[in-house]
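Chains as they are written, first to last, in the working numbering: chain A, 102 to 675; chain B, 102 to 675. Have a look at the structure below before the remarks.
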């Protein structure tokens, strides 16, 4: 491909709304164009990168016996009514009526379509297990598109669905899918991708993992144990604390004027936040009824964990009415209206004496002992994990908090969809059973942008050879010099004939401008032809990541470059 | 791929709504599943076929310097408002509002997106010409989806857009694109594809061609001259007639009781339909005002040509009111209300004496001479061409009428979109100009179904080797026989190792059922392993199209089959 013929332009200044590097560089480098909020057109370099990523994904899906299929983007709402998600999913799902007035949806995920495709065909246990996948456009009406291709509304996704006759079989396959994902990210040149236990959210199911590319600009927060390797999304991480029991005291009501916050109470009573029984108030979305969470004073509530525990949608209390009997700032379990739902975080377990509100303005209790003063309570884990928390696996207080971009996810779905959509098979005993499903997603464009985020310098992306839009860029520094021109043209043709993917900058522009553009193209190997190199009878070859610079005799250059490319490509093969 | 592991089932009876063979066979063969009106999920065999078709298309697009890009499926309505098509296109375009209330559309074609992508980047004449293309999902809310993948609402399309600085350059490129299309259809194994001049319809522009796969089940009607090769869509074909002048007569009003139709008048007056001046009444959609077309009695009006001539939408008159002054069955030009719009088809040119209505119930005129009795009129061509019509190119009365399925189209768009969307470049003189565009489309799924329609027998599709889902099917007729089983397994593995794409029917089913399924899979080469063949030490090899049947010694079979596949594939390379 000749740069002179290629659509797209490079520029110096990033558009104003680009707050992360990969977004800025991909806009500046002519990789994509903004069409609307979270919607982009992709120029040829991006299309070439994503095609290579898709090829890697397909190879790895086929390697774990995936069958590529194709589901529709537009689906009748009736299909989503079967699973119940037509109503349970909100405005992130785009809906319209067709010319006949039938409600339709744009697929944001394809569990329903997968079950629909499989349910009349796989009827005997002998037909299982199998996995079907597609690479297809999806639309999710994200409330906050951001970061270029990192979070968009329209995107290309590989989504896979596996069907099994036993949980063990699902788990074994899930493990294979996990390995395939590790291979995909490695082969695509993503260096810092880890898998973490995650919350399954709207997908349903229990066990799930997210593949996170570690990055400061990530939207997800991860808890990682550097000792034992435990890794989890904040939303899913178990929070363990080690409490000092302290000594049992008598329950005493004390006057705590104007001491509403944890800090105020701690200061007023000269105690430790770890001795406080903090109350956090939520409301159920459905009817605004109150939920009070009791948790150790120094900890925060993890709303996702709370939501999963309760099984319904909640929000932090917006207004506490007088009739509620809740005395904000002085809430406690003793004497609280029994009609109010309470949740006890397990961080309170084992503390002999706690400070808690007395449900009366300006009063707290000290010496509160849950078992003695309240009775039996069910402790659950709804606390947010924190830097230095106890690792739930190895028990060491060394949890580190990191940011990550979710580049893939895998879910054990169970029978959520096969039950609701009534997919059954006959087992070996002739009994009808619901198959057990797994699902497995990777966002192609997001992976591309995440790799750019991970692998760039201030001048442009540094694409890994395995997904680079081209292997080599030939820079012709003097198109008006016959020798330079012929040498560059010949190198371009020779490389192409050797099967090397070449971008050829054949424009009559200043070397500085050409190199600036080359940095933005991010092609891993650069071959420069100039009067100086021609005089020496060489081609100057360097790596975009600066790890190599050398000169090859003109006659051998194409072959040498091919060898370099081959060696680089081999690094990404597993 | 092993059939035992493949999702999808084959069955004997076609679903009731399948009225064409390809639809019935692709449903019966487990190629696709109905999701909703004009919406299908595709099983692996279809996905494999369409992937191969897409690869051929991409190679040919790249060969004419295409740059692959990606436009969004969902676009903001504002983009379509720029071109004016947001209002000019009706309910075939799906529309919805996003969560912020912004009107959005689903792309049914991407001229707007192409201009949007190119307009800020290609600013100098030196940046031209270029062509960008994509392979992407489209949604058109077709009023009548039919024939399986022949006419659907959601489909995968390759759409390409070229930009030029002169009409000559567009025409030269258009010619190259025409040749690329011919190569694509040939390489995909479509045997009877011709290109015909067509009507540009909603795309705008002037010159356009459709690529038609000749087939009885085609929805398009084509006029073809077997003498000189002239080919046109009925909608675009010039209708030429040779009239006998006859002799001049006096204008005479005659009583023609109850003679309203052409047939009745011909019988009553004992004349020839070719002497009649037939009147056909239309109404303008906008205000229901009348348009009367005068045309030779034996011809029909081509509504598309009439619409293009008038420049507005029309429909056949639904009700002729009394106030209109139009006397249905006896309409003529003499004495007609001057306010009524009239159109004169050129089929009336040169006839000295015509019979026409007298605008009075039960009366006609004979001896009507247009020039003498009406004066100067503008003759235009709005007649439908017919079997045996005069070829507009070679002049011989040998036009044949054929049916075809439109599998591709190419348009010279001119500046319709670059003007309305204000895309300009500076020419060599520094003047701002609008680029001239061409656009080029191929429906991937429709091509797949059309090839099936063209290439099948009553047992199933006969896929051309170049797009076949697999090259070879190995049939293991006795999985319970160790020798047969081992031989078949080894053949499967050897073929895979040789790079041959193999479908392996490893199921324990009756040979009859296995062969019936094999016919539905339509894989070009079949290799049968049975106790009988093993005894003889051979593999039985045959072609799905019955053009070859033979036996190869087991040890050589894989290599021999590979050679056969290679030779077959070579037939489709150009």
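C-beta atoms are modelled at their ideal positions from N, C-alpha and C, and glycine is treated no differently.
Could you give the C-beta distance for residue i and residue j, rounded to a whole number, given that I count them as a contact under 8 Å?
i                      : j                      : result
residue 242 of chain B : residue 184 of chain B : Actually they do not touch by this definition, with Cβ atoms about 19 Å apart.
residue 462 of chain A : residue 431 of chain A : 6 Å
residue 223 of chain A : residue 262 of chain A : With 8 Å as the limit, residue 223 of chain A and residue 262 of chain A do not qualify as a contact, their Cβ atoms being about 12 Å apart.
residue 158 of chain A : residue 236 of chain A : 7 Å
residue 141 of chain B : residue 253 of chain B : 7 Å
residue 257 of chain B : residue 238 of chain B : 6 Å
Report the three-state DSSP secondary structure of residue i (helix, strand or coil).
i                      : result
residue 196 of chain A : strand
residue 460 of chain A : strand
residue 190 of chain B : coil
residue 564 of chain B : coil
residue 488 of chain B : coil
residue 571 of chain B : coil
residue 676 of chain B : With chain B covering 102 to 675 only, the question about residue 676 of chain B has no answer from this structure.
residue 363 of chain B : helix
residue 504 of chain A : strand
residue 403 of chain B : coil
residue 111 of chain A : coil
residue 145 of chain A : helix
residue 229 of chain A : coil
residue 588 of chain B : helix
residue 672 of chain A : coil
residue 202 of chain A : coil
residue 304 of chain A : Confidence is the limiting factor: at residue 304 of chain A the pLDDT is only 49, short of 50, which leaves the residue's position unreliable, though a coordinate-based value still follows. In the structure shown, residue 304 of chain A sits in a helix (DSSP, three-state: H, G or I).
residue 659 of chain A : helix
What residues are listed by DSSP as bridge partners for residue i?
i                      : result
residue 652 of chain A : A/641
residue 552 of chain B : In DSSP, residue 552 of chain B forms no bridge with anything.
residue 518 of chain A : Residue 518 of chain A is not bridged to any residue.
residue 510 of chain B : B/311, B/542
residue 577 of chain B : B/630
residue 334 of chain A : A/323
residue 235 of chain B : B/260
residue 381 of chain A : A/394
residue 294 of chain A : A/314
Do you know whose CA, among the options, lies nearest residue i's CA?
i                      : options                    : result
residue 504 of chain B : B/487, B/516, B/567, B/178 : B/487
residue 578 of chain A : A/289, A/588, A/569        : A/588
residue 516 of chain B : B/616, B/537, B/136, B/523 : B/537
residue 375 of chain B : B/333, B/346, B/260, B/637 : B/346
residue 471 of chain A : A/456, A/575, A/483        : A/456
residue 353 of chain B : B/147, B/474, B/338        : B/474
residue 299 of chain B : B/278, B/322, B/284        : B/322
residue 495 of chain B : B/329, B/110, B/130, B/154 : B/329
residue 653 of chain B : B/637, B/159, B/606        : B/637
residue 169 of chain B : A/622, A/391, A/514, A/149 : A/149
residue 633 of chain A : A/607, A/594, A/584        : A/584
residue 521 of chain A : A/123, A/400, A/670, A/217 : A/217
residue 641 of chain B : B/118, B/514, B/662, B/621 : B/662
Note to self: To be precise: take each residue of the stretch 140 to 170 of chain A, compare its Cβ to all Cβ atoms of chain B, and keep it if any distance is under 9 Å. Which residues remain?
What the structure shows: 140, 141, 142, 143, 144, 145, 147, 148, 149, 151, 152, 166, 168, 169, 170
Note to self: Any C-beta of chain B within less than 7 Å: which residues of the stretch 377 to 392 of chain A qualify?
What the structure shows: none
Checklist line | Interface residues of the stretch 190 to 205 of chain A facing chain B [CB-CB below 8 Å] | finding: 192, 193, 195, 196, 197, 199, 200, 201, 203, 205
Next item on the list: Determine which residues of the stretch 631 to 643 of chain A have a Cβ less than 9 Å from any Cβ of chain B, and write them out in chain order.
Entry: none
Check: If contact means a Cβ-Cβ distance below 8 Å, which residues of the stretch 347 to 368 of chain A contact chain B?
Finding: none
Item checked: Contact residues within the stretch 102 to 118 of chain A, judged by C-beta distance below 9 Å to chain B -> 102, 105, 106, 107, 108, 109, 110
Check: Closer than 7 Å, Cβ to any Cβ of chain A: which residues of the stretch 212 to 224 of chain B, in chain order?
Finding: 214, 217, 218, 219, 222, 223
Next item on the list: For the stretch 525 to 549 of chain A, enumerate the residues whose C-beta is nearer than 7 Å to any C-beta of chain B, in chain order.
Entry: none
Next item on the list: Using a Cβ-Cβ cut-off of less than 8 Å, give me the residues of the stretch 502 to 520 of chain B that come near chain E, in sequence order.
Entry: The question asks about chain E, but that chain is absent: this structure's protein chains are A and B.
Note to self: Closer than 8 Å between beta carbons: that is the criterion. Which residues of the stretch 241 to 256 of chain A meet it against chain B?
What the structure shows: 242, 244, 254, 255
Check: Which residues, in chain order, does the stretch 171 to 189 of chain B contribute to contact with chain A at a C-beta distance below 9 Å?
Finding: 171, 172, 173, 174, 175, 176, 177, 179, 180
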